[in-house]
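Enquirer:
Number of protein chains: 2
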Amino acid sequence: MTETDPTQIKGFDRARQAASRALTEDYVEMISDLAAEFGEARITDLAARLGVAHPTATKAVARLKREGLAISRPYRGVFLTEKGEALAETVRARHRVVVALLCAVGVPKEVAELDAEGIEHHVSSRTLAAFEAYLTRKTD
Amino acid sequence: MTETDPTQIKGFDRARQAASRALTEDYVEMISDLAAEFGEARITDLAARLGVAHPTATKAVARLKREGLAISRPYRGVFLTEKGEALAETVRARHRVVVALLCAVGVPKEVAELDAEGIEHHVSSRTLAAFEAYLTRKTD
DNA sequence: CGCGAAATGTAGCCTCGGCTATAAATTTGG
DNA sequence: CCAAATTTATAGCCGAGGCTACATTTCGCG
Ligand SMILES: [Mn+2]
Ligand SMILES: [Mn+2]
Ligand SMILES: [Mn+2]
Ligand SMILES: [Mn+2]
Chain Z
1 MTETDPTQIK
11 GFDRARQAAS
21 RALTEDYVEM
31 ISDLAAEFGE
41 ARITDLAARL
51 GVAHPTATKA
61 VARLKREGLA
71 ISRPYRGVFL
81 TEKGEALAET
91 VRARHRVVVA
101 LLCAVGVPKE
111 VAELDAEGIE
121 HHVSSRTLAA
131 FEAYLTRKTD
Chain F
141 MTETDPTQIK
151 GFDRARQAAS
161 RALTEDYVEM
171 ISDLAAEFGE
181 ARITDLAARL
191 GVAHPTATKA
201 VARLKREGLA
211 ISRPYRGVFL
221 TEKGEALAET
231 VRARHRVVVA
241 LLCAVGVPKE
251 VAELDAEGIE
261 HHVSSRTLAA
271 FEAYLTRKTD
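Quick note, the sequences are listed as chains Z and F, same order. Residue numbering for the first sequence follows this note's numbering, starting at 1 and increasing by one per position. Residue numbering for the second sequence follows this note's numbering, starting at 141 and increasing by one per position.
(1) Contact check, V123 of chain Z vs V98 of chain Z under 8 angstroms by CB: the rounded distance?
(2) What are the boundary residues of the beta strand (DSSP E) that includes V78 of chain Z?
(3) For a test of the three-state rule: what should DSSP assign to A41 of chain Z, helix, strand or coil?
(4) Helix, strand or coil, according to DSSP, for A112 of chain Z in the structure here?
(5) Relative to the C-alpha of L87 of chain Z, which candidate in Z:L114, Z:P74, Z:R137 and Z:E67 has its C-alpha closest?
(6) Can you tell me which of Z:R63, Z:P74, Z:T7 and Z:R126 puts its alpha carbon nearest to the alpha carbon of V247 of chain F?
(7) I'd like to know if the region 40-47 of chain Z and the region 60-79 of chain Z are in contact, where contact means that at least 3 CB-CB pairs between them fall below 8 angstroms.
(8) Throw me the rounded Cβ distance for the A240 of chain F and L275 of chain F pair, which I believe falls under 8 angstroms.
(9) Flag S172 of chain F as yes if its beta-carbon sits less than 8 angstroms from any beta-carbon of chain Z, otherwise no.
(10) Give a single yes or no on whether H262 of chain F has its beta carbon closer than 7 angstroms to a heavy atom of ligand 2.
(11) Quickly, what does DSSP pair A210 of chain F with across the bridge? List them, please.
(12) What three-state label does DSSP hand T90 of chain Z in the structure shown?
(13) Is the region 56-72 of chain Z in contact with the region 15-32 of chain Z, if contact means three or more CB pairs nearer than 8 angstroms?
(14) Could you tell me if the beta carbon of A15 of chain Z falls within a distance shorter than 7 angstroms of some heavy atom in ligand 3?
(15) With a threshold of 8 angstroms, are at least 3 pairs of Cβ atoms found where one atom belongs to the region 31-39 of chain Z and the other to the region 50-59 of chain Z?
(16) In angstroms, rounded to a whole number, what distance separates the CA positions of K15 of chain Z and T24 of chain Z?
(17) Which value, in whole angstroms, describes the spacing of the CA atoms of T147 of chain F and D153 of chain F?
(18) Leaving aside the five residues before and after G84 of chain Z along the sequence, list all residues of the same chain whose C-beta is less than 6 angstroms from its C-beta, in chain order.
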């Protein structure tokens, strides 16, 4: 083979890293949502909303705790740490921008909401900034 | 908990399915690229371009063969089946549209290329259609 | 030709993120 | 206040997708 384009490798690598962060991001955002609604996030509710079996949610929460994003005691609710809350806020904001951008270029709202759930995790900060600038331009 | 929004669950489910298809899509596209350049795709080249160790590429190719997307004989190159070629074409086209859309809303080209590698796998046919329509409108 | 280098295959390890089945704790209501 | 229902925990299975180490085959070249 000739040379290997480093940009291309970087793209695949970034996509792999984003995929591995996606679960964390969705759980943290959901825990934050549930906390706002009910004051705490229960494992059962997390599992129901994410569409997984509850042991799957339990495992995910264990990982969040390992990473210092959440805390919990046995048979009690799950709560975000400050670090977790900060991540949730970032993720929530990005989710909204992605949906808005999709809608702005003509994607039906319902479809935008579905696709955004996956797309959001691959939107870098620079792309996010471009989306925001575009939305601002378009609105004003 | 109160009710559980089925649309939201569907979004997470779609994102999970897309993530599991992503690897297949990238490999098939890359095999097609290498075939165009060199007449065949070698495991070493696949691994180098995707940024993984060669046993990882070998495993992935084994899966493609299982799924009827590629064929190969020991110590020889990998080739796509008709089904594989068709998928490669679809994936390549979508990749281009995603990059073009990102550029059109103001994302720098280099960044667009990086982010598209992950985003593309989460763009549904309806969103793709909207992107194409937007690009057509903007160009004309 | 034949030998060393390069490519490919294979074995086996790891983590992650699904799942089911079963056990234990907690909550609820009669 | 106790029994049943609900919730949570735990054990253990699976496949995917990474990796390293090592074996084997093919290739290139003197
Ligand atoms: Mn998401
Ligand atoms: Mn989201
Ligand atoms: Mn890709
Ligand atoms: Mn691609």
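Idealized CB from N, CA, C, for every residue including glycine.
Expert: Well, looking at it:
(1) 6 angstroms
(2) Where V78 of chain Z is concerned, the enclosing beta strand (DSSP E) stretches over V78 to L80.
(3) strand
(4) helix
(5) Z:E67
(6) Z:R126
(7) yes
(8) 6 angstroms
(9) no
(10) no
(11) F:L220
(12) helix
(13) yes
(14) Answer for A15 of chain Z: yes, Cβ within range of ligand 3.
(15) No contact exists between the region 31-39 of chain Z and the region 50-59 of chain Z.
(16) Here residue 15 of chain Z turns out to be Ala, not Lys, going by the sequence shown. About 15 angstroms.
(17) 10 angstroms
(18) V28, L69 and A70
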